[in-house]
Amino acid sequence: MKYLTHLLRLFLGITFIISGMIKLNDPMGFSFKLEDYFAPNVLGLPFLIPFALTFAIFVCIVEVVLGVMLLVGYQKKLTLWSLLAMLIFFGFLTFYSAYFNKVTDCGCFGDAIKFTPWQSFTKDIVLLVAALIIFLWGQDYIKPISKGKLPLYITLLSVIFCSVFVYYVYNHLPIKDFRPYKIGTSIPEGMKIPSGKITYYWTVRIDGKEQKIINNGQVPKDKNGNYAEVLNVKTEVPEAPIHDFYIWDKEGENYFDDYIWKDKLLLVVSYRLDRANEDAFKTIKRVTDEALKGGYTVIGLTSQLDKAPYIVKKYELNFDFYYNDATTLKTIIRSNPGLVKVSKGVIKDKKHYNDATDLKLAE
């Protein structure tokens, strides 16, 4: 039991640390996922939506710190009770979203690793079983790595590190971008369905027997090389990495091809103007004016075209806003507003509004 306890401690501790750090790298992304859970048609807790970011940061830090505490053997009873509480909570969320098909991605590992709802629930059950084994039969084998205050200092250091890290990424951009719109991505190429990825589900008759065959499109044959009698065929087409990128005007006309191929294109992205940091538009004004002088085409993208005239007039912006879905704009950049530099469809740079003046326009 001793060795099993140590093995499960490593498994749980490392999993919690990795999961927490991936989400800490993108706290806004996790907060958007929590907003999905709090929505009226899911858990019916819309009053919690304004606190989603705070809750997201708190949960991520606790997740990492609990993983560290488990590994160093600090406050084992508090650690195990807290781990069980978190796993039961997340297990409830993932089961609810899976059973009722409410939220299609739990966000457990951010955008780095995608799980279906049932995969997420299975993962939580495995972790819960591991935690229960330690809680019920392995507590006596959990010892601090040191008899002194080293476990306490390591725990405090993990809290400080997580706090500084999340403060930085929130006020700038994620250190590692796992989303489809990362720097270097070609937007037009990302909108294409990967070749050879279409799955075909065949129902055929071979030698008088009905069979089901799955492949990438080849018509099934019998052992003599003759084509089988096809009774039914269905296809499953995967979703392209980028599938909702549009540049619509208020009339619903798509200007994607008019803008995306330009050599110098600067996008000002605000998924919701009523949630944007308005003071940031003072800096956006200076940067976009400089870009226009340098030969750039500048356009804004938002999900709230009705609020765009107010922002344009108040800050004397010299560009027009076009429409795109809020979810897509959240995915493009974790800054509201944010800047995205594009050249012939390829994302060359992205800047948080706090770093807008660092955008290099001369390249």
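Oh and the sequence shown: position 216 is 216 in UniProt numbering, straight run, nothing missing.
C-beta: ideal position from N, C-alpha, C; glycine also.
This structure is a prediction, so every number in the text was calculated from the model and none was measured.
Contact annotation, I347 with I187: C-beta distance approximately 7 Å; criterion of less than 8 Å satisfied. With three or more CB-CB distances shorter than 8 Å, the stretch 243-259 counts as touching the stretch 325-338. With respect to V72, P151 sits close: the two C-beta atoms are nearer than 7 Å. Linking I311 to L157 through their CA atoms gives a straight-line distance of about 43 Å.
Boundaries of the alpha helix (DSSP H) harbouring L292: A280 to K293, taken from the DSSP string.
Put simply, the backbone Cα of D358 is about 17 Å away from that of V298. For Q119, the enclosing alpha helix (DSSP H) stretches over residues P117 to I133.
Only buried fits L267, as 16 or more other CB atoms lie within 10 angstroms of its CB.
By the CB criterion at 7 Å, G217 and T5 fall outside the cutoff. At a Cβ-Cβ threshold of 7 Å, I333 and V287 do not count as neighbours. Taking the C-beta atoms as reference points, D263 is found nearer than 7 Å to K344. In terms of Cα proximity to S163, the closest of N224, F38 and M21 is M21. Taking a contact as a CB-CB distance under 8 Å, the pair I183 and D36 does not count as one, their CB atoms being some 26 Å apart.
Annotation: the continuous beta strand (DSSP E) that includes K351 extends over V346 to H352. Here Q211 has V204 as same chain residues with Cβ atoms under 6 Å from its own Cβ, once five neighbours each way along the sequence are excluded. DSSP, reduced to helix, strand and coil, places Q304 outside both helices and strands of the structure shown, so it counts as coil.
Assigned with DSSP and collapsed to three states, L231 falls in strand.
Annotation for L361: A291 and G294 place their beta carbon closer than 6 Å to its own, counting only its chain and skipping 5 residues before and after. The C-beta of M1 has fewer than 16 other C-beta atoms within 10 Å across all chains shown, which makes the residue exposed. Inclusion of I206 and A228 in the CB contact set at 7 Å is warranted, their separation being smaller than that value. Of all alpha-carbon atoms in F16, L48, L10 and F55, the one lying nearest the alpha-carbon of F30 is that of F55. Separation of A280 and V65 (C-alpha to C-alpha, rounded to the nearest whole angstrom) is 34 Å. Counting only runs of at least 4 residues, the stretch 214-273 fully encloses the following alpha helix (DSSP H) elements, listed from N- to C-terminal order: 256-259. In this structure, the CA atom of I284 is about 56 Å from the CA atom of I213. Exclusion of the five residues before and after G190 leaves P180, P241 and I242 as the residues of its chain whose Cβ lies within less than 6 Å of its Cβ. For S82, the secondary structure class from DSSP, reduced to helix, strand or coil, is helix. Close CB contacts of M69 within its chain, under the 7 Å cut and outside five residues either way in sequence, are with Q75, T79 and T155 (chain order). Residue pairing by DSSP places R205 opposite E210 and E229 in a beta bridge.
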